[in-house]
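Trainee: Counted the way my numbering counts, the sequence shown spans residues 2 to 71.
Built from N, CA and C at the ideal position, the CB exists for glycine as well.
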Amino acid sequence: MTHDAVWFSRPRKFGKGSRQCRLCAHQAGLIRKYGLDLCRQCFREKSAAIGFVKVRILYPSFSFPRSHFL
Numbered sequence: 002m003t004h005d006a007v008w009f010s011r012p013r014k015f016g017k018g019s020r021q022c023r024l025c026a027h028q029a030g031l032i033r034k035y036g037l038d039l040c041r042q043c044f045r046e047k048s049a050a051i052g053f054v055k056v057r058i059l060y061p062s063f064s065f066p067r068s069h070f071l
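What follows is the structure, encoded as structure tokens:
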């Protein structure tokens, strides 16, 4: 029995080893929310095609009183 046969001998039904990116089969950095199952690199490439929009909140240009930050 080789090392590979022993190392991957048990089935991966749950945990990090059981999940992979649906595009590139990478196992690290998965985004599982909403059932995406994409790694973060593939998500950055395909997010616009999926329909995600980066939201940027702009604050008014007035200054806050100093007590606001205490």
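Please report the residue range of the alpha helix (DSSP H) in which D5 lies.
Mentor: Numbered from 1 along the sequence shown, position 4 holds the residue referred to as residue 5. 4-8 is the span of the alpha helix (DSSP H), which, as asked, contains D5.
Trainee: Looking at the secondary structure, which residues open and close the alpha helix (DSSP H) in which K47 lies?
Mentor: Residue 47 sits at position 46 when you count from the first residue of the sequence shown. Its alpha helix (DSSP H) spans residues 41-51.
Trainee: Of the residues K47, L37, I58, R45, which one's Cα is nearest the Cα of Q21?
Mentor: Taking the first residue of the sequence shown as position 1, residue 21 is located at position 20. The shortest Cα separation from Q21 among K47, L37, I58, R45 belongs to L37.
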